[in-house]
Amino acid sequence: MYLLYRCYHFLLKSIVRFFGIPAPQLYQGTQGLDNAIADLSLPDKAQVMVVTDTVLHKLEIIKPVLNALNTRNLCPVIYDQVQANPTIENIEQGYQTYKQHRCEAIISVGGGSVLDAAKLIGARVVRPTRSVDAFSGLFKVLKTLPPNIAIPTTAGTGSETTVAAVFNDNKHNKKLAAADFCLVPQRAVLISQLTTSLPAGITATTAIDALTHAIEALLSINATKRTDDKALEACSLIFTHLPTAYQHGQDLNAREKLLYASFLAGQAFTRTSVGYIHAISHQLTARYGTPHGLANAVLLLPVLHWYGSRIHPQLAKIARHCSLTSLDYPEAQQAEDLITHITRLLAQLNIQTQLNEVLKDDIQSLARMALDEAHPDYPVPHFMALPDCQHILAQIRA
17 MYLLYRCYHF LLKSIVRFFG IPAPQLYQGT QGLDNAIADL SLPDKAQVMV VTDTVLHKLE
77 IIKPVLNALN TRNLCPVIYD QVQANPTIEN IEQGYQTYKQ HRCEAIISVG GGSVLDAAKL
137 IGARVVRPTR SVDAFSGLFK VLKTLPPNIA IPTTAGTGSE TTVAAVFNDN KHNKKLAAAD
197 FCLVPQRAVL ISQLTTSLPA GITATTAIDA LTHAIEALLS INATKRTDDK ALEACSLIFT
257 HLPTAYQHGQ DLNAREKLLY ASFLAGQAFT RTSVGYIHAI SHQLTARYGT PHGLANAVLL
317 LPVLHWYGSR IHPQLAKIAR HCSLTSLDYP EAQQAEDLIT HITRLLAQLN IQTQLNEVLK
377 DDIQSLARMA LDEAHPDYPV PHFMALPDCQ HILAQIRA
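Our numbering applies: residue 17 is where the sequence shown begins, and numbers increase by one.
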């Protein structure tokens with residue numbers, strides 16, 4: 017069975033290498049936002065749907081986008097009903113709004129949930145006869161989306177540069193994921209000012225989400241020098257600037273670096289995929305509504321410990337690149353130095369190590385669903401058995 021999984025992983029790597037994954041055109045700052053909107057090349061009075069959530073709308077986080085659209089003589093249509101874990105109903109409602117107002121482009125402003133929802137709304141626009149749940153899986157869209165811009169307000173998911181869009185099927189209590197090259201946003205704008213209002217706790221967990229993307233990209237057997245370089249730079253930026261952003265939320269330089277780290281980590285894992293941390297995390301979010309970044313942060317160390325010496329080369333590489341160890345130390349010690357640094361960082365960020373919501377009676381089903389998600393899609397360095405996954409879930413249960 018595992019040999020078949022490896023054949024599948026090789027096929028995925030070959031597809032990525034042969035076809036390549038598109039990258040969004042990157043813009044930065046408020047001037048970058050104006051340039052990105054200009055590059056949409058829309059006619060005067062064109063309707064542009066701005067996808068966001070109610071909190072960001074009320075806090076006027078989207079105001080710079082609305083102003084920039086008005087300056088370009090474009091008409092914003094606000095859709096702000098995206099939930100923290102977007103549902104099929106959210107996406108369908110957004111599609112109906114797009115269609116009703118005859119919009120010609122989409123701008124998404126928010127965290128990963130908002131950006132993912134906007135991708136799937138675009139997929140519905142170009143595939144109007146296909147239901148939202150039909151996009152779950154690989155290459156189920158295969159058609160260019162409407163002109164779009166993704167603007168993250170958290171430095172974590174990297175959704176502005178990834179092929180994936182995650183959504184909830186509430187009827188079946190499942191988290192689904194669509195993955196298609198055409199889901200990569202055509203343009204991404206990183207504006208550090210939009211992230212300064214993030215509370216310290218969310219700043220921490222979203223950044224650890226990005227760190228998890230980078231680490232799982234480095235662990236993937238489908239990693240390449242290019243993805244390693246991006247993931248390593250992301251790790252370095254996060255280790256250097258996250259403590260500052262956590263303590264001093266208005267520090268624009270730290271915020272800017274975290275946004276770029278998230279972008280790099282997103283580019284890395286969208287070419288290598290993720291691993292068991294995400295596979296388990298997705299189940300916790302679907303079952304209990306656990307915030308994705310928090311779930312990843314709680315699971316990061318238990319999964320790395322489970323891998324043990326099998327991933328020492330990759331962990332040592334991170335430690336050396338980020339100057340967290342001595343080059344004279346043996347590989348095992350370098351790997352341990354990275355684990356120690358992550359442990360101290362999570363404590364410094366006041367991130368909990370256990371989750372109260374995890375129920376003992378749910379552990380077996382959660383573990384089974386996590387492995388069903390991971391196998392065969394995730395090119396992990398070593399395969400996890402059901403008892404191992406159950407043990408990890410038991411560890412994080414308060």
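Every residue gets a Cβ at the ideal spot worked out from N, C-alpha and C, and that includes glycine.
ask   = Which stretch, first to last residue, makes up the beta strand (DSSP E) that contains Leu192?
value = As a working note, residue 192 is residue 176 in the sequence shown. Counting along the chain, the beta strand (DSSP E) containing Leu192 begins and ends at Lys190 to Ala195.
query = Name the DSSP bridge partner or partners of Pro92?
reply = One-based indexing of the sequence shown puts residue 92 at position 76. DSSP, once it has assigned bridges, lists Val64 as partnering Pro92.
message = When you compare the CB positions of Ala166 and Ser175, do they come within less than 9 Å of one another, or not?
response = Numbered from its first residue, the sequence shown carries residue 166 at position 150. Numbered from its first residue, the sequence shown carries residue 175 at position 159. Against a cut-off of 9 Å, the Cβ pair of Ser175 and Ala166 comes out as a contact.
ask   = Under three-state DSSP, which class holds Ser213?
value = Mapped onto the sequence shown, residue 213 falls at position 197. If DSSP states are grouped into helix, strand and coil, Ser213 belongs with coil.
Ala302 versus Ile296 - alpha carbon distance = Within the sequence shown, the letter at position 286 stands for residue 302. Within the sequence shown, the letter at position 280 stands for residue 296. Taking the straight line from one Cα to the other gives about 10 Å.
task = Quick one: using the 10 Å Cβ neighbour count with 16 as the cut-off for buried, is Ala363 buried or exposed?
result = As a first step, residue 363 is located in the sequence shown; it is residue number 347 there, counting from the start. Under this definition Ala363 is an exposed residue.
query = Which word fits Met17, buried or exposed, when buried means at least 16 other C-beta atoms lie within 10 angstroms of its C-beta?
reply = By 1-based counting over the sequence shown, the position of residue 17 is 1. Flag for Met17 reads exposed.
message = Less than 9 Å between the beta carbons of Ala311 and Leu371, yes or no?
response = On the sequence shown, position 295 is the one that residue 311 refers to. On the sequence shown, position 355 is the one that residue 371 refers to. Yes, Cβ-Cβ distance for Ala311 and Leu371 is below 9 Å.
message = Give me the residue from Asp377, Leu375 and Leu402 with the minimum Cα distance to Met385.
response = Counted from its first residue, the sequence shown places residue 385 at position 369. Here the closest residue by C-alpha is Leu402.
task = Give every residue of the same chain whose Cβ lies closer than 8 Å to the Cβ of His264, excluding the five residues on either side of it in the sequence, and list them in chain order.
result = Indexing the sequence shown from 1 puts residue 264 at position 248. The answer, listed in chain order, is Ala270.
key: Segments assigned alpha helix (DSSP H), at least 4 residues, entirely inside the segment 313-367   = 328-337 and 347-364
ask   = Unbroken alpha helix (DSSP H) runs of length 4 or more, entirely within the segment 233-321: which are they?
value = 241-263, 268-288 and 292-304
ask   = Roughly how many angstroms separate the alpha carbons of Pro392 and Leu19, rounded to a whole number?
value = Locating residue 392 in the sequence shown gives position 376, where the first residue counts as 1. Locating residue 19 in the sequence shown gives position 3, where the first residue counts as 1. One C-alpha to the other measures close to 10 Å.
inquiry  = Report the CB separation of Asp162 from Ile122 in whole angstroms; it is logged as a contact under 8 Å.
reply    = Indexing the sequence shown from 1 puts residue 162 at position 146. Indexing the sequence shown from 1 puts residue 122 at position 106. Looking at the sequence itself, residue 162 is Pro, so the reference to Asp does not match. Contact holds; Cβ gap of about 6 Å.
ask   = For the alpha helix (DSSP H) that contains Gln380, what are its first and last residues?
value = Counting from 1 along the sequence shown, the entry for residue 380 is found at position 364. Segment Ile379 to Ala390, the alpha helix (DSSP H) holding Gln380.
request  = Report the residue from Leu136, Gln44 and Thr260 whose alpha carbon sits nearest the alpha carbon of Ile11.
outcome  = The requested residue 11 is not part of the displayed model; the chain covers only 17 to 414.
ask   = Where Pro395 and Val290 are concerned, what is the direct C-alpha to C-alpha distance, given to the nearest angstrom?
value = In the sequence shown, counting from the first residue as 1, residue 395 sits at position 379. In the sequence shown, counting from the first residue as 1, residue 290 sits at position 274. Taking the straight line from one Cα to the other gives about 8 Å.
query = Do the CB positions of Glu347 and Pro318 come within less than 9 Å of each other?
reply = By one-based count along the sequence shown, residue 347 stands at place 331. By one-based count along the sequence shown, residue 318 stands at place 302. Not in contact: Glu347 and Pro318 (Cβ atoms no closer than 9 Å).
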